[in-house]
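Colleague: Here it is, the structure in full.
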């Protein structure tokens with residue numbers, strides 16, 4: 001099924017017709033006839049969307065919406081309120097109560113389905129981010145309160161400068177966010193190296209709707225605006241252009257006669273959702289970094305290094321160029337821990353890691369392989385180049401004594417390094433690692449603080 005939808009309406013005929021329309025689009029539909037039943041079903045079944053009549057026998061639909069928004073099990077469920085009223089004040093009350101959308105009867109089937117698709121698509125994106133984001137609450141790092149929200153940036157884009165200015169002036173007393181105006185051409189040229197807006201309002205009229213739809217499609221395809229919520233203002237918010245806009249990725253549709261308070265509320269709602277999604281996306285990126293970065297040194301860890309080494313090998317095979325692998329080990333590191341403690345040992349590892357990284361090219365892979373052992377992979381590198389690089393790393397690490405935190409002592413750290421070079425046609429990463437490790441053993445056995453090169457190639 002495409003999603004689970006709860007219909008709440010006290011008129012059986014309305015429920016039957018609406019269910020038939022939704023079922024034809026392969027939605028799984030359940031029904032309720034009053035407000036109390038709606039709340040019970042929503043808590044029990046957690047539907048993906050609730051389509052809620054404003055006229056229920058026991059409770060006003062707006063009151064039910066407020067109750068659903070207060071309950072922890074239902075507060076995130078999207079809600080569309082359907083009403084026989086087209087009064088702007090009623091629509092505003094519904095939106096303030098937490099409704100995602102307000103639709104006046106008669107219901108236009110196609111626009112309802114388009115809005116349903118749009119709402120469920122947005123909900124699915126948020127749920128996916130939540131599933132992939134690390135749970136900071138579970139690990140003791142509960143999300144900090146956001147306090148006062150920072151000022152957002154809203155961009156109004158229209159082919160009619162006078163209309164753009166009118167909208168900007170109408171919003172001036174409604175929101176404290178920065179509002180900028182752009183022509184469609186200026187928007188296509190980018191936002192002049194500035195931070196992308198938090199929300200975009202595309203204001204179309206009867207002659208510019210097609211142009212604005214093309215602009216919408218372009219903005220949703222661009223890296224800097226692909227996650228930016230876009231609200232589209234149309235002469236007819238129930239027609240074919242509205243359906244196209246929603247299916248192209250618009251987050252909301254408003255009519256040309258929308259009042260300033262409602263428009264401001266819709267823009268603020270999109271701004272709030274953008275910040276929520278950005279925070280979740282940031283958490284996902286943090287989780288990915290935590291999975292592949294060694295927390296002590298900031299280098300890549302073994303989990304990342306081994307698959308990346310395979311990529312280097314594949315590229316080398318395609319380009320017919322050699323690549324080198326080095327295994328590095330801190331000499332007599334146990335003595336550092338035994339003499340000065342593990343905190344001192346950590347400080348030494350951090351400093352050595354930084355010196356290794358600073359002495360290599362940006363294209364080279366540097367990873368903490370485990371404990372006091374490091375791995376280096378150098379693409380497009382000959383045997384002699386690898387030997388020179390290894391000696392450079394060894395000398396740089398040894399050259400400057402490392403201060404022991406909390407003491408007046410300094411120690412000189414040294415590295416033993418094993419180097420192996422791969423013939424791009426035949427060497428596998430596993431073979432190369434074994435050869436580099438064997439060369440490292442030779443360097444250790446021959447007195448440490450030296451480079452040993454495996455001369456064997458195929």
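In UniProt numbering, the protein residues as written are 1 to 458.
We put the beta carbon where it would ideally sit given N, CA and C, even for glycine.
At which residues does the alpha helix (DSSP H) containing residue 258 begin and terminate?
Modeller: It is not in any alpha helix (DSSP H) - residue 258 carries neither H nor E in the DSSP assignment.
Colleague: Roughly how many angstroms separate the alpha carbons of residue 432 and residue 367, rounded to a whole number?
Modeller: Approximately 16 Å between the Cα atoms of the pair.
Colleague: Output the distance between the C-alpha atoms of residue 460 and residue 380, rounded to the nearest integer angstrom.
Modeller: Here the chain covers residues 1 to 458 and nothing more, so residue 460 does not appear.
Colleague: State whether the segment 199 to 207 contacts the segment 154 to 167, with contact taken as three or more CB pairs (one from each stretch) at a distance under 8 Å.
Modeller: As far as the Cβ criterion goes, the segment 199 to 207 touches the segment 154 to 167, which means the pair count is three or higher.
Colleague: Give the DSSP-derived three-state secondary structure of residue 6 in the structure shown.
Modeller: Residue 6: strand per DSSP, three-state reduction.
Colleague: Under 6 Å Cβ to Cβ from residue 265, same chain only, skipping five residues before and after it: list those, please.
Modeller: Contacts found: 95.
Colleague: What do you get for residue 143, buried or exposed, if any count of 16 or more other CB atoms within 10 angstroms of its CB means buried?
Modeller: Since pLDDT at residue 143 reaches only 42, below the 50 mark, its modelled position is unreliable, and the value read off the structure follows with that caveat. Exposed, by the Cβ-count rule.
Colleague: Taking the alpha-carbon of residue 52 as reference, which of 44, 17 and 101 has the nearest alpha-carbon?
Modeller: Out of 44, 17 and 101, 101 has the C-alpha closest to the C-alpha of residue 52.
Colleague: Figure out for me which residue from 209, 61, 369 and 89 has the closest Cα to the Cα of residue 297.
Modeller: The residue with the shortest Cα to Cα distance from residue 297 is 369.
Colleague: Would you kindly report the start and end of the unbroken alpha helix (DSSP H) that includes residue 346?
Modeller: Taken as a continuous stretch (DSSP letters only), the alpha helix (DSSP H) holding residue 346 covers 342 to 358.
Colleague: Rounding to the nearest angstrom, what Cα-Cα distance links residue 291 and residue 33 in this structure?
Modeller: Computed Cα separation, rounded: 49 Å.
Colleague: Rounded to the nearest angstrom, what separates residue 196 and residue 4 at their Cα positions?
Modeller: Distance between the alpha carbons of residue 196 and residue 4: 35 Å.
Colleague: Keeping to the same chain, check which residues put their C-beta closer than 8 Å to that of residue 306; ignore five residues upstream and five downstream.
Modeller: Excluding sequence neighbours, residue 306 sits near 429.
Colleague: How many Å lie between residue 342 and residue 322 at the Cα?
Modeller: Rounded to whole angstroms, residue 342 to residue 322 spans 39 Å at the Cα level.
Colleague: First and last residue of the alpha helix (DSSP H) that includes residue 185?
Modeller: Residue 185 -> alpha helix (DSSP H) spans 184 to 188.
Colleague: From residue 7 to residue 131, what does the alpha carbon distance come to, in whole angstroms?
Modeller: Looking at the two C-alpha atoms, the distance is approximately 27 Å.
Colleague: With DSSP as the reference, please indicate the residues paired to residue 306 in a beta bridge.
Modeller: None; residue 306 has no bridge partner.
Colleague: Since residue 368 is in the beta strand (DSSP E), which residue starts that stretch and which ends it?
Modeller: 365 to 370 is the extent of the beta strand (DSSP E) around residue 368.
Colleague: Does DSSP classify residue 27 as helix, strand or coil?
Modeller: Coil at residue 27, not helix or strand.
Colleague: With a threshold of 16 other CB atoms inside 10 Å of the CB of residue 463, please say whether the residue is buried or exposed.
Modeller: The structure shown does not extend to residue 463, since the chain is modelled only from 1 to 458, so the question has no answer here.
Colleague: Taking one C-beta from the segment 102 to 116 and one from the segment 62 to 75 each time, how about it: are there three or more such pairs within less than 8 Å?
Modeller: Short answer: they don't touch.
Colleague: Where does residue 179 fall in DSSP's three states?
Modeller: Three-state result, residue 179: strand.
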